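Sequences listed follow chains S and W, in order. Position one of the first sequence corresponds to residue 1 (full-length UniProt numbering), numbered consecutively onward. Position one of the second sequence corresponds to residue 1 (full-length UniProt numbering), numbered consecutively onward. Below is one structure; the comments refer to it alone.
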Amino acid sequence: MDFTLNTEQQLLSDSVARFIQTEYDFETRAKSVGSGDQRRASRWDTFAANGWLAAAVPGDLGGWGGTAVETAVISQQLGRALFAGPWLGSAVLATQVLIASGNQALIREWLPLLCDGSRRLALAYSEQGARGIAHIVETRATKDGATHRISGRKTLVLGGLGVDAFIVSARSDGAINDRNGVGLFLVAADAAGLSMTATKLHDGTEAADLAFEEVPATVISSNAADGLDGLEYGLSHAMLALCAELVGCMERSIEITAEYLRTRKQFGVPIGSFQSLQHRMADMVAEMELARSMLFAALASFENDDVATHRRVLDGAKTLITTAARNVCGQGIQLHGGIGMTEECAIGHYFKRAVVADALFGSSSLHEAACAAALQDELRAVHA
Amino acid sequence: MEFRPDPELEAFRQTVRTFLREKLPVDLAHLSIGMFSPREAMSRWQAILHGQGWAAPSWPVDRGGTGWSVEQRLIFDDECSAAGTPTQDTFAQKLLGPVLNHFATPEQWQEHAPPILKGERKWCQGFSEPGAGSDLASLRTKAERRGDHYVVNGQKIWTTNAHRADWIFLLVRTDPEARKQAGISFLLVDMKTPGITVRPIWGIDGHHHLNEVFFDEVEVPAANLIGAENMGWSITKFLLNNEHAYTADLPLLKRYRGEMRRLAVTQSVGGTRLIDRPEVAHRIALFETELRAVEMMVQRTAALHGDQGHFAHAMGSMLKLRGTDLQQRMSVFMVELLGDSGAVADTQSTNDLAAEMFFRRASTIYGGSSEVQRGIVAKLMFGL
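The following block contains the structure:
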């Protein structure tokens, strides 16, 4: 193992940092979030030109041949700046689900267009009753000649506004929480019967709710009932990205707060001279470093272990890191005092991102329960 | 950054495992869950390690050590812990050893190092005093030079295993006029010297590990002074600044994990095994997640290089904060898992989890209390 960035990764990290420094400071972000049009402000052309959209795409499919580590490097930098564009939803989640979907023809048709930024996809998988759990699917797909038709509703489609098409999970067979019978489908954004409602999340990012009524769709998993593995693989990759983003969020929250403690004076001295505040900062940075360590453990497991093992580690990572992010960023507000409660102060926005992150891809408590269930299975198998 | 396991380290792990399988006597295995192995067991085990050439895992080869990297030593500790070996003499190996190797004259080294390597001489550490705890440099035990001897008068306290040790390494004041850090010296003292009295301190765990040690006109040969007179404080800083990757006591945490799992499948309530109760599985799963993060944090700290000394020091303090907090929470939960038996005092038991739990209240006090660690982190990371 090597915990330092290699030359390519350092260049990648530096290029994202430079973009943030020159084109995406906190004021720019605030304006773009306020204007309601983040797609223009998100500078997708810059993302494509720098190769970020292709960083974790396999070399034989026209990408840079990186892995989730490269995704994490980019995500961590974007997390520091609270980047509000469709990086996570489109460049990570939709792209990785497409790569893992199995339909080689569609992969080869779409990937180059996703990597050069000329087309964008979003993944519609969660539902009101699913809470981010991939195999809970009520939306139905029924065969209609050579194509399929989809009916149902999808929630929290990240980066869903302004895309060219959606990847949609839908059930062609089985009951609502059956692990079999879920397929992945491609649906054009302008398809008949598809209606979209824009939603704005607490952190200012945009998502979409989708309603499908007999919408024509092309199957992109190997068949209409065999999409769950690809979906879960892409979700794992995106969860790692989100965890890395939160590590970046915590880093920046702590830096902002430390700077405030050095400059804000009360009782005639910088408030950072008070031991109670120093100790709180120490606890915050210790929690962040523990969270960063958990991210590394999850990246290691994703690379080295079988699916069941890495999913279990990732469940733990999602829980530990989103919990840490809410603690650290929340304490950042506390250490700012009243000013931390204001819209114009950055620290509160980091906390909002941490809260939204917990709701994405299944909340902490759901992932905790998954960890506990996996432990029960393991111990029951050994000590029957 | 890459997370593939290192094949050489994996091979090393197999070597250690094979050695333990072949050479660890059955009657020495799993004698205690905590840090205190019986003296005889320690001596026998140390002799076996010496026969293998592994007498001092943390010492360089030219000093009779193994010359192992920090990564190798962590693997060695991990495997020893899993196999349930007795502990080595930590005070001699990790605290005094580096001091001997770095500051002792050839004659001093010849007298003191070989008995440590062979397991023939046990050491204890005489640092703390009634008036010098966290503020160690205010110590008052004094040593006056009279001819070719020092005469020591004063008192040490919290001296772990003084009643089982052959020798003690002492911090003494040799210049009462100097600024408090400047007048301290580092002295080696035979515990059989006339004038030394050891008084037991019974702990809240019901056991006798700690002692008061009184020095009344104790004559110590001047040849037992390590380094120059009055340079004891810089030796102390050297000795305390050595082992950043070890502050969490990872092997102990892993033994706790094993014990929790054992209790979860052997204890039951109302005919239901504990592992089948969701609240139990949930808590253990959370502990295991946190442990995985701590383990990766240890590996990150081990991988830090000399030029990252400040960060390594801060990581050592953060690891101590998080690791000892986890020790306390896990040991408390183990006692909870015992049900009614958890309330019963049974200090004769060889697996007295309650005693272990009570003893762990000391983890956040010894070796620099958590409050001291927070101060270090705030200073090193933020300049506060």
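Backbone N, C-alpha and C fix where the C-beta goes; we use that ideal spot for every residue, glycine too. For clarity, every value in this text was computed on a predicted model and none was experimentally measured.
Tell me, to the nearest whole angstrom, how far the beta carbon of residue 366 (chain S) is from that of residue 133 (chain S); I am working on the premise that it is less than 8 Å.
7 Å
Quickly, what does DSSP pair residue 269 (chain W) with across the bridge? List them, please.
W:272
For residue 143 (chain S), which three-state DSSP category applies?
strand
How big is the Cα-Cα spacing for residue 290 (chain W) and residue 167 (chain W)?
39 Å
Taking the alpha carbon of residue 204 (chain W) as the point to measure from, which residue in W:28, W:354, W:369 and W:228 has its own alpha carbon closest?
W:354
Which of the three DSSP states is assigned to residue 124 (chain W) in this structure?
strand
Sub-7 Å separation of residue 157 (chain W) and residue 134 (chain W) beta-carbons:
no
Chain W residues whose Cβ lies nearer than 9 Å to that of residue 380 (chain S):
265, 273, 275 and 276
Just to make sure I have the definition right: I need the residues of chain S whose C-beta is within less than 7 Å of the C-beta of residue 284 (chain W). Which are they?
375
Closer than 8 Å at the beta carbon, the chain W residues around residue 7 (chain S):
The contacting residues do not exist; residue 7 (chain S) stays about 11 Å from chain W at best.
Whose Cβ in chain S lies nearer than 7 Å to the Cβ of residue 281 (chain W)?
372, 375 and 376
When burial is assigned at 16 or more other CB atoms within 10 Å of the CB, is residue 202 (chain W) buried or exposed?
exposed
In angstroms with no decimal places, state the Cα-to-Cα distance between residue 51 (chain W) and residue 376 (chain W).
41 Å
If we count Cβ pairs, one from each stretch, closer than 8 Å, do we get three or more for the stretch 263-271 of chain W versus the stretch 354-370 of chain S?
no
So does the stretch 59-78 of chain W actually touch the stretch 6-19 of chain W, counting three or more Cβ pairs closer than 8 Å?
yes
If you drop the 5 nearest sequence neighbours on each side, which residues of the same chain put their C-beta closer than 6 Å to that of residue 332 (chain S)?
253, 257 and 347
Short CB-CB distance (under 7 Å) between residue 289 (chain S) and chain W:
yes
To the nearest angstrom, how far is the alpha carbon of residue 383 (chain S) from that of residue 155 (chain S)?
41 Å
List the residues of chain S that residue 5 (chain W) touches, going by C-beta distances under 9 Å, in chain order.
1, 300 and 304
Confirm, please, whether the CB-CB distance from residue 260 (chain W) to residue 314 (chain W) is below 7 Å.
no
Quick check: what's the CA-CA separation for residue 230 (chain S) versus residue 205 (chain S)?
26 Å
Between W:281, W:359 and W:175, which has its C-alpha nearest residue 377 (chain S)'s C-alpha?
W:281
DSSP state of residue 222 (chain S), grouped into three classes?
coil
Just reading off the beta strand (DSSP E) that residue 153 (chain W) is part of, what are its end residues?
149-157
Which chain W residues sit within Cβ distance under 8 Å of residue 279 (chain S)?
371, 374, 375 and 378
Nearest-angstrom Cα distance between residue 39 (chain W) and residue 164 (chain W)?
7 Å
Between residue 277 (chain S) and the rest of its own chain, which residues show a CB-CB distance below 7 Å, the 5 nearest in sequence each way excluded?
261, 271 and 335
Hey, residue 86 (chain W) and residue 41 (chain W): beta-carbon distance below 7 Å or not?
yes
Out of S:363, S:350, S:344 and S:359, which one is the CA nearest neighbour of residue 34 (chain S)?
S:344
With H, G and I counted as helix, E and B as strand and the rest as coil, what does DSSP make of residue 209 (chain W)?
strand
Within-7 Å CB hit, residue 405 (chain W) to chain S:
No answer is possible for residue 405 (chain W): it lies beyond the span of chain W, which begins at 1 and ends at 384.
When you compare the CB positions of residue 106 (chain S) and residue 220 (chain S), do they come within less than 7 Å of one another, or not?
yes
Within its chain, find whatever has a CB closer than 8 Å to the CB of residue 218 (chain W); leave out the 5 residues flanking it on each side and keep chain order.
151, 152, 153, 189, 193, 194, 195 and 196
Tell me whether residue 322 (chain S) is buried or exposed, calling it buried when 16 or more other Cβ atoms sit within 10 Å of its Cβ.
buried
The stretch 194-212 of chain S contacting the stretch 241-249 of chain S, beta-carbon criterion three pairs below 8 Å:
no
Hey, out of W:303, W:349 and W:279, whose CA is closest to residue 373 (chain S)'s CA?
W:279
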